[in-house]
Structures are given as C-alpha cells and as structure tokens.
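Student: Before I ask anything, here is the structure I am working with.
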Amino acid sequence: MGRLTDKVAVITGSGSGIGRQIALTYAREGAKIVVADFNEEGMDQTVSQLKEMGAEAI
Numbered sequence: 001m002g003r004l005t006d007k008v009a010v011i012t013g014s015g016s017g018i019g020r021q022i023a024l025t026y027a028r029e030g031a032k033i034v035v036a037d038f039n040e041e042g043m044d045q046t047v048s049q050l051k052e053m054g055a056e057a058i
C-alpha cells in the first residue's frame with residue numbers, strides 16, 4: 001500500500017517533463033491523478049502511461 005492511497009493529486013504541467021514524472025511517482029504511491037497541461041497531446045500521453053501502470057487518471 002502506497003503513502004498516497006485514497007488521495008487525489010491535481011498535477012499542473014503534467015503533460016511532459018518534471019510534471020509527468022511527478023504524476024507517475026504519485027501514481028506509484030497509490031494516488032488518483034488529474035493531469036492538467038496546455039499541451040493536449042502530452043496530457044493524453046501521460047494519462048495513457050498512468051493507465052498502463054494501473055493508475056486511475058483523467
């Protein structure tokens with residue numbers, strides 16, 4: 001069980017770079033992730049990566 005289980009994280013700038021890595025790390029710790037970025041393609045990629053690892057993400 002992760003340290004962030006049953007928590008929701010809204011991560012801005014998570015379409016790439018550091019924001020994406022934070023989203024992936026929080027998801028590994030059990031958080032549900034809300035991805036937010038101006039880069040729509042990057043957001044979609046991040047959400048796909050999160051879902052592939054079994055995380056809940058929008």
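For the sequence shown, full-length UniProt numbering begins at 1 and goes up steadily by one.
The C-beta atom is built at its ideal place from N, Cα and C for all residues, glycine as well.
Buried or exposed, going by whether 16 or more other CB atoms sit within 10 Å of the CB of ASP37?
Tutor: It is buried - the Cβ of ASP37 has at least 16 other Cβ atoms within 10 Å.
Student: Restricting to Cα atoms, I'd like to know which of LYS32, ILE18, GLY17, THR25 is closest to VAL10.
Tutor: Of the listed residues, the one whose Cα sits closest to VAL10 is LYS32.
Student: Out of GLY42, GLY30, GLN45, which one is the CA nearest neighbour of GLY54?
Tutor: Of GLY42, GLY30, GLN45, the residue nearest in Cα terms is GLY30.
Student: Please report the residue range of the beta strand (DSSP E) in which THR5 lies.
Tutor: Looking at the DSSP string, THR5 is not in any beta strand (DSSP E), and its letter there is neither H nor E.
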